[in-house]
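Single-structure report; data block below.
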Amino acid sequence: MSLSAQVRLRLGELDLGVDLDVDEQAPVAIVGPNGAGKTTFLRALAGLVPLDAGRVSVGGTVVEDPAGQIRLAPEERGLGVVFQEPRLFDHLSALENVAFGLRARGVSRNEARARAEAWLERVGLPQVARMRPRQLSGGQAQRVALARALVTEPAVLLLDEPLAAVDMSARAELRHLLRQELKRYPGVRIVVTHDPVEAAALAERLVVIEEGRVTQDGLLVEVTAHPRSRWVADMVGLNLWEGTASGTSVRVGADATVVTADPLEGSVFVSFRPNAVTLHRRRPEGSARNVWCLQVQELNPTGDRARLRLGGPVTLVAEVTAGAVSELSLADGGTVWASVKATDLVAYPV
Amino acid sequence: MSLSAQVRLRLGELDLGVDLDVDEQAPVAIVGPNGAGKTTFLRALAGLVPLDAGRVSVGGTVVEDPAGQIRLAPEERGLGVVFQEPRLFDHLSALENVAFGLRARGVSRNEARARAEAWLERVGLPQVARMRPRQLSGGQAQRVALARALVTEPAVLLLDEPLAAVDMSARAELRHLLRQELKRYPGVRIVVTHDPVEAAALAERLVVIEEGRVTQDGLLVEVTAHPRSRWVADMVGLNLWEGTASGTSVRVGADATVVTADPLEGSVFVSFRPNAVTLHRRRPEGSARNVWCLQVQELNPTGDRARLRLGGPVTLVAEVTAGAVSELSLADGGTVWASVKATDLVAYPV
Amino acid sequence: MAFAAGAVVMIVLPLIGLLQRVSWSTLLSDLSAHDAFVALRLSLEVSLGALAIALVFGLPLAWILARHRFPGRALLRGLVTLPMVLPPVVGGIALLYAFGRRGLAGQVIYDLTGWRFVFNTSGAMLAAAFVSMPFLIVTAEASFRSMDRRGEEAAATLGASPAYRFRRVTLPAVAPALAAGAALSWARALGEFGATITFAGNLPGSTQTTPLLIYLDIESGHEATALALSLVLLLVSLGVLVGLRDRWLGNP
Amino acid sequence: MAFAAGAVVMIVLPLIGLLQRVSWSTLLSDLSAHDAFVALRLSLEVSLGALAIALVFGLPLAWILARHRFPGRALLRGLVTLPMVLPPVVGGIALLYAFGRRGLAGQVIYDLTGWRFVFNTSGAMLAAAFVSMPFLIVTAEASFRSMDRRGEEAAATLGASPAYRFRRVTLPAVAPALAAGAALSWARALGEFGATITFAGNLPGSTQTTPLLIYLDIESGHEATALALSLVLLLVSLGVLVGLRDRWLGNP
Amino acid sequence: GSSSPTASSTTSTTAGSSPSTAAPITGSLDVFAAASLTGAFNSAKTTLARANPGLNLTYNFAGSNTLVTQIQQGAPADVFASADTKNMDKLVAAGLVDTPVTFARNKLEIAVAPGNPKHITGLADLAKPGVTVVLEAPGVPAGDYARAVLASQHITVRPKSLETDVKSALVKVTSGEADATVVYVTDVAAAGSAVTGVAVPDSLQPTITYPIAVVKATKNHAAAQAFVDSAVSGAVQKALEAAGFLPPQ
Ligand SMILES: Nc1ncnc2c1ncn2[C@@H]1O[C@H](COP(=O)(O)OP(=O)(O)OP(=O)(O)O)[C@@H](O)[C@H]1O
Ligand SMILES: Nc1ncnc2c1ncn2[C@@H]1O[C@H](COP(=O)(O)OP(=O)(O)OP(=O)(O)O)[C@@H](O)[C@H]1O
Ligand SMILES: [Mg+2]
Ligand SMILES: [Mg+2]
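Read top to bottom, the protein sequences are chains A, B, C, D and E. Numbering of the first sequence is given in the numbering used here, commencing with residue 728 and proceeding in unit increments. Numbering of the second sequence is given in the numbering used here, commencing with residue 728 and proceeding in unit increments. Numbering of the third sequence is given in the numbering used here, commencing with residue 35 and proceeding in unit increments. Numbering of the fourth sequence is given in the numbering used here, commencing with residue 35 and proceeding in unit increments. Numbering of the fifth sequence is given in the numbering used here, commencing with residue 252 and proceeding in unit increments.
Printed below as a string of structure tokens:
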């Protein structure tokens, strides 16, 4: 069983052109900015919006092909969807909602109930079984929707931000559950997420969609280590510069050149981790050439560390310990010297 | 201007009893598990669900007091709400949605348009002004809803997970915007969030609601450093044990006693950071008494680090470098020795 | 508020006027004197039959009008509302042309099966359905159109067939509007008069529904009886509407 | 699908039957010979007037029935549907008792202002409103009841007064159902016959609406004219319903 | 001894004094007339208008019973022309009208499909098996008259339907649902070629009279009286005769 999709469609301002082949080996995570077309892509796979062109096939069966006049209805495609909003059936109890897909497939009343109950338990909500959707909190509703899709065990599973409304502690647990479920799930699994932690926990392959196009596609570790767009870099928390390399020297701005470890030529990306940045009260001595005097534009303490957004000849985010913040008496608007070791800069061709 | 609320109400299974006084000094973040009653609490403040008892006053004016038969309508309370779902008006364009509150308050058509346009720009969506809500993506819709509430500049601002549907990179930016807006906002500001980073960025005070009750309330740094419930500990990413102290020795389980730095007596909480845990292939030598042989229950690589859930005589989460994972050849299901220094354990009375 | 009171006055005052004129002392004898109970039973039978016809035939049509695009849809949508506009007698004549023994379809049916609608309870039902079905169709169509379809989409991705979806998701979602439409349709069928008399005739026990009996009472000068009978008709329908609708709709 | 076709047959076949019998050659002379155009104009005026009355008075009532709890609500909800059940002639008599010159309210109004509804276009409107308003009320109430109120809540927190909310949020949300209700109500008013002739009389130019003229044509043996006139009535309403409704409802 | 609702004692054919050569009628005049008089009264209107330029004549046609209710409820009628004496008597009893006069008579006739395919020659044929007959319901004058005549001849008819008025009975015949019905000659005449009439012998004809009276509350008594006179023996009477009504005598 595998999914092969060439999706071409226009919807309002969106011009979607995404090619994606997914096999049942491992779950795939899709990430991308708001409005990039992630939801629309899933909807197209599910048969909820028609393709203008292209083709979608599931396990070798063509389920949609505008040129060949083929278009299977959503219920004929054997897939399950968790939508971005819960979309529970208002007139059914939480349990009946979860049992719906089973009943629709002809599973007996008792068995459907039992399996639905088991799944409600798994998503941590055994107590809401008899409640109506409007009596549930936002997060509870989304968890019921998750159970409703998972219980039917379809050949293709499409999840659109399944954990966005789930609270942090429950999220860790649910993420764990989902990870296990997805891991052993014998089908195609695609998860849209905004959370890199979630992507890392759930998938091995990461697909980035920006403005209706796939901009990166590869193993998660590969994509997160070598971001190719500002958006991806922001998402994985790396600094990213684009520049022109000649040898180990890369020109990344009007007044700024950095030195990297590996020699390259032509257009390159340079990325580095925020915690590779060292901050100093005065210009550091020694041979480091990647040194700038920058202004603190934003200071965000998070636990025992702090993230700083610094601007000047270059713009970068630095992460330092809380101790360093007070030691250097850093504050919004102040200036500071920042240095990065050449060996911490990763350069790769555009 | 300040808000003083004693909210008592029952709704379905929820028994809500929350007392909260908020002044205009700084924003307050509310966190808590799904179904804890956070949304219901905000709805009660807004006048969307009636109190059974208690009282709500805004800036000295009692807006609701069941005993005194006082109950102002939501539109008479002068507050703004961002709901958990966008709740945009389907028949109005994004721009008209944002302008709605201004028009309702009698602002002229042109001025309302101009201010709405400015806000759409601020939430990063100038291009969707003429689109209808059903043409927006989930995240775009929620951002429009955010602009719609902020543009009216009400005396009390209630935000229910304003950034949950926003993508990571836009979220950083929007969080920054929201942080600035909330900072200079001259009114009462309450934000419900599931994201500790968001709470840290937006608020100085953190209120934890669990099962309809306030379980912790204090400065953010204070609450996150001294969690008093498993939920809070999970949220801030700390390990938390409850135990009985006699001096520096705390009994935290049937077979487990830990040594802390500060002597205490009676029931105590013990918390420590996951990265305070050191892992070893074999039992470490020396004087460390906080040493256990544990099983790896889960292993989550996140960037250059990995989080491990370990179980045995005690249960804890450890964070180690990616290097350590391969060095110790850690894997799901394996065993490992874990130690924590007494000085890294923070103990405080229950 | 004041306007709402105006509406109540406009509707309730005439009913009070009726109540005033009913001669209470002779009410029971007025009613039992003639075919009142036969007519009432027949009225219920005919109006419920018409409602059943409207539901079985009208609902699918409403669905198709609401959810499918096809050439001539706008026209068809207009056509199905026309029986409401037609003066009842003309409606009856039109029915005769279509389903009478010499009618377009009636002739065929008669020749094939020997069945005829005229002078027959089935004819009264057909006449009542003809005038009342549009109310159900229009209401149902509007509700099918305006309902939120996201639930249906979710049901489809859960593997539900269109029929299963319709039954388990769509119908429950539009239940309040459907109930309103059914109530309108039923009430209209219960009050139906002109088309029935022209098409089906007037024979006690088979086509003489209560409104026909009331009309005859008025024509022959038995106004008191007519009013008494109207009162009973009103009470019956009030009982059904008050009793059933609230339960059906749920109480918000 | 087959059932939907059945519904179409049931409704459209009689209309085709009518078309067949209209004597096309004499159509124009049939129509221009008498008060046809006067009656048509009056019909439009009366039915639109009735619709206006239904909207102004009926809509607030529907709102109150849908959104407020008060003792007797279920009863009132049933009461407002009764004019649909009442045979039209009885409805006319009831109107006379209430708003006739000697009626409960009519007497008072006449004594105070010298105004009378009977034999007056306003009376025809009142009669048409009496029978047609329930359709609007029931449909509007159902839609007010079943609509998603989260938008209204959001509007309230944005500072919108109840009236502003109603106008800018509630009405647009229920527009399709309201349009359907208004169409039903208008069509019923356009076809109204029994209550009008009884209550308002049958005076050319002031109360003789098209259905009344059709009735007289049939009474005096001019069936061809009656059918021609019915046809025109149908075309007018078809034009209005097809032309306006699709625009009003939006095309999904 | 037929029990048919024939002329009442209050009806007289001699009331009314002015001859048809009276001065022109002027002012506005509201005539409430039974719906079955629509054709005749409308065609007389043209003649009346020509002869009386100052006359503003308005008809209000409806069922006699409806008209009675309207007049009782204070409707602004000047003249009431009824299709039966029973309804007129209600107004007489209530003192709302002057003494009525008979202005027309009618006869019963059997109406059958054009060309008389079932070969119906008289009332007796209505009882033949295979002949579908409809009659008007009890209380509807035409039905009561027909039943009285049939009873006097000991003919037992089993009608398929008891129609609420003459027109719907006639429609059953024109549409082929029924083979025969009994209606007034004027109805057969008005229906033209849609039906064929089979005469009922004069010897069996009941007395069917149409009374007319001035409404007491009239504001234009002279014109009202003039219209009544015209109905008895003037232009209106001529139109009635053209429509098949019999003169008052
Ligand atoms: N029904 C529609 N009509 C018109 N345009 C639409 C429609 N649905 C989507 N679009 C367009 O497609 C774009 C992408 O929408 P989509 O929901 O696929 O984004 P997304 O990647 O899921 O974003 P998010 O992360 O915010 O959920 C929207 O910005 C909108 O312009
Ligand atoms: N209308 C209602 N009827 C019955 N019970 C309700 C209703 N609304 C809320 N509840 C109950 O109140 C509980 C709390 O709901 P609420 O929406 O306030 O939670 P929350 O803290 O906002 O959760 P989340 O983080 O998932 O949004 C729900 O679990 C539900 O049982
Ligand atoms: Mg999306
Ligand atoms: Mg919530």
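Ideal placement from N, C-alpha and C gives every residue a C-beta, glycine not left out. These numbers were taken from a predicted model, which means no experiment stands behind them.
The three-state reading of DSSP puts E:Ile-406 in coil, since its state is none of H, G, I, E or B. Not a single CB atom of chain C sits nearer than 7 Å to the CB of E:Gly-278.
For E:Ala-286, the secondary structure class from DSSP, reduced to helix, strand or coil, is helix. For the alpha helix (DSSP H) assignment, the uninterrupted runs of no fewer than 4 residues enclosed by the segment 143-188 of chain D are, from N- to C-terminal side, 155-180.
Cβ neighbours of E:Asn-316 within its own chain (closer than 6 Å, five residues either side excluded): Asn-338. Within 6 Å of the C-beta of B:Gln-811 there is at least one heavy atom belonging to ligand 4. Set against 6 Å, the gap from the CB of A:Thr-1005 to the closest heavy atom of ligand 1 is not smaller. Residues of chain D whose Cβ lies closer than 7 Å to the Cβ of E:Ala-326 are, in chain order, Val-152, Phe-153, Gly-235.
Neighbours of C:Val-80 in chain D, taken as residues whose beta carbon is under 8 Å from its own, are absent, since the nearest beta carbon is some 13 Å off. When the alpha-carbon of A:Pro-1011 is set against those of A:Ala-872, A:Ala-1065, A:Gly-762, A:Gly-980, the nearest one is in A:Ala-1065. DSSP assignment within the segment 332-405 of chain E yields the following whole beta strand (DSSP E) runs of 3 residues or more, N-terminal first: 352-357, 359-363, 384-387.
Taking 8 Å as the upper bound for CB-CB distance, A:Arg-955 and A:Gln-943 are in contact here, some 5 Å apart. A Cβ-Cβ contact shorter than 7 Å links B:Leu-815 with B:Ala-868. By the Cβ rule, the segment 134-144 of chain D does not count as touching the segment 158-168 of chain D, because fewer than three pairs are nearer than 8 Å. Contact with chain E is absent for D:Ser-219, since none of that chain's Cβ atoms lies less than 7 Å from the residue's Cβ. Every residue with a CB closer than 5 Å to a heavy atom of ligand 2 is listed here in chain order: A:Gln-862, A:Ser-864, A:Gly-865, A:Gly-866, B:Leu-738, B:Gly-739, B:Glu-740, B:Leu-741, B:Asn-761, B:Gly-762, B:Ala-763, B:Gly-764, B:Lys-765, B:Thr-766, B:Thr-767.
Any Cβ of chain D closer than 7 Å to the Cβ of B:Gly-786 would place that residue at the interface, and such an atom is absent. The beta carbon of A:Val-789 sits closer than 8 Å to the beta carbons of Arg-782, Val-783, Gly-795, Ile-797 from its chain, once the five residues preceding and following it are set aside; these are given in chain order.
Taking 6 Å as the cut-off, the C-beta of A:Asp-944 does not count as close to any heavy atom of ligand 1. Pairing D:Ala-174 with D:Ala-223 gives a Cβ-Cβ distance that is not under 7 Å. The Cβ atoms of A:Val-950 and A:Pro-923 do not sit closer than 7 Å to each other. Excluding its 5 nearest sequence neighbours in each direction, A:Leu-991 has C-beta neighbours in its own chain below 7 Å: Ala-972, Ala-1074, Pro-1076, listed in chain order. Distances from the alpha-carbon of A:Asp-748 to those of A:Gly-759, A:Val-734, A:Gly-1060 put A:Val-734 closest. Assigned with DSSP and collapsed to three states, E:Thr-309 falls in strand. Taking D:Ala-163 as reference, the option from D:Ile-98, D:Ala-38, D:Gly-126, D:Thr-191 with the minimal CA-CA separation is D:Gly-126. Using beta-carbon distances, B:Glu-888 does not count as an interface residue toward chain D, since no partner is under 7 Å.
D:Ala-108 and C:Val-276 do touch by the CB rule: their CB atoms are close to 5 Å apart, below 8 Å.
Put simply, the CB of B:Glu-802 is near chain D, with a gap under 7 Å to one of its CB atoms. With a cut-off of 8 Å on Cβ pairs, the segment 376-390 of chain E is in contact with the segment 403-416 of chain E, counting three or more such pairs. With the rule of 3 Cβ pairs closer than 8 Å, the segment 236-244 of chain C does not count as touching the segment 185-205 of chain C.
DSSP places B:Asp-746 within a strand segment (E or B) once states are collapsed to three.
Rounded to the nearest whole angstrom, the C-alpha separation of D:Ala-41 and A:Glu-740 is 41 Å. Straight-line spacing of the CA atoms in B:Ser-896 and B:Leu-909 works out to 20 Å.
Closest option to A:Ser-998, judged by alpha-carbon separation, among A:Leu-947, A:Ala-960, A:Arg-1008: A:Ala-960. Annotated as proximal: E:Val-465 and E:Ala-475, with beta-carbon spacing under 7 Å. The beta carbons of D:Leu-268 and D:Asp-251 sit about 15 Å from each other, so the pair does not count as a contact at 8 Å.
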